[in-house]
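Comments concern the structure below.
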Amino acid sequence: MQTHTNTAQDTEDFGWQLACARPGEAGGFAVLYLAGELGAGKTTFARGFLRALGVRDLIRSPTYTLL
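Residue numbers for the sequence shown, in this note's numbering: 401 to 467.
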């Protein structure tokens, strides 16, 4: 699936909506693969998704630089 959002809030909201639409525990597991350029919104999406699942911890980007 590909989607386009216009703002960071739209991206976070989409993550929230997708998390709420996922099957329950009886539906098994799903794997989400997020791909995109630096600054594309992967962490923002993940933040919305995880907030919908009840995660309240600080959610940081796993991006790092190799020197």
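We put the CB at the ideal spot given by N, CA and C, even for glycine.
Listed in chain order, the alpha helix (DSSP H) runs fully inside the region 406-465 are 408-421, 442-452, counting runs of at least 4 residues. By alpha-carbon distance to residue 439, the top candidate from 452, 449, 460, 421 is 460.
Rounded to whole angstroms, the separation of the alpha carbons of residue 416 and residue 450 is 7 Å. With respect to residue 441, residue 411 sits close: the two C-beta atoms are nearer than 8 Å. By the neighbour-count definition (other C-beta atoms within 10 Å, threshold 16), residue 407 is an exposed residue.
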